[in-house]
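Notes follow once the structure below has been shown.
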Amino acid sequence: MVGGQSRKTTVSSAPSPAQLRTYGKNHEMDFAKIYLAMQKGHKVCKINVLKKWDPAYKLLTLNMDTRQLFLTKLEQTAVRSKPTVLDLRHVREVQTLDYKLSAIQIGDKWKRDREIQNFDPLKILVISHGTQFTLKEWTLL
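Counting in my numbering, the sequence shown runs from 13 upward without gaps.
Take a look at the structure:
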C-alpha cells in the first residue's frame, strides 16, 4: 500500500463449519464407545447409606433396546439370581458424591455415614430415580 499502513490479518476464533462437523462426528463416536462399554458392564458395589457395610459386588449393565439399567449379582451361587432393573425414564439425576458434597452442599446423611467416608467421593455415583416427589437412590462404588 502506498502511504498507508498495511492491514493486519486476524484469525477468527469461531470454528469453521467443517471443524464443527468433525467435532460432531468425534463426539458421536465417543458416545458410541461409552454406550458399548456400558452394555458390556462394570463391576460395582452397591452401598446402603447409613446401614452396615456389606460389600456385595454386582455387574451394572445397560440394555439400549429396553432402555434399562440392570444390577446383577456376580456370584453364580446367589439364591436370588433375578437382576434389579431400573428404567432410564425414571432416572432424574446422576451425580458423583463429590458434586453433592461440594457444589450442591448436601451432606446430611452422607457425612453421618462413617463407612462411606473411607472412599473417594469422586468414585461414588449416586443415581436418583422415581416417579414421585421423594426420589429413591442407587449409590454405587
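No residue lacks a Cβ here, since even glycine has one placed at the ideal position from N, Cα and C. In this text the structure is predicted, and so the values were computed from the model without any measurement.
Judged by DSSP in its simplified three-state form, Trp122 adopts helix. Only buried fits Val138, as 16 or more other CB atoms lie within 10 angstroms of its CB. Between Leu62 and Leu109, the alpha-carbon positions lie close to 15 angstroms from each other. Sixteen is the threshold: since fewer than 16 other Cβ atoms of the shown chains lie within 10 Å of the Cβ of Trp65, the residue is exposed. By DSSP's assignment, Tyr69 forms a beta bridge with Cys57. Each of Thr78, Lys70, Gly142, Phe145 was checked against the Cα of Thr84, and the nearest Cα belongs to Lys70.
Check the Cα spacing between Asp99 and each of Trp122, Glu149, Leu48, Asp120: the tightest is with Glu149.
Annotated three-state conformation of Gln80 is strand, per DSSP. Between Val56 and Leu72, the beta carbon gap of about 5 angstroms places them in contact (Cβ cut-off 8 angstroms).
In the structure shown, Leu86 adopts coil according to DSSP, grouped into three states.
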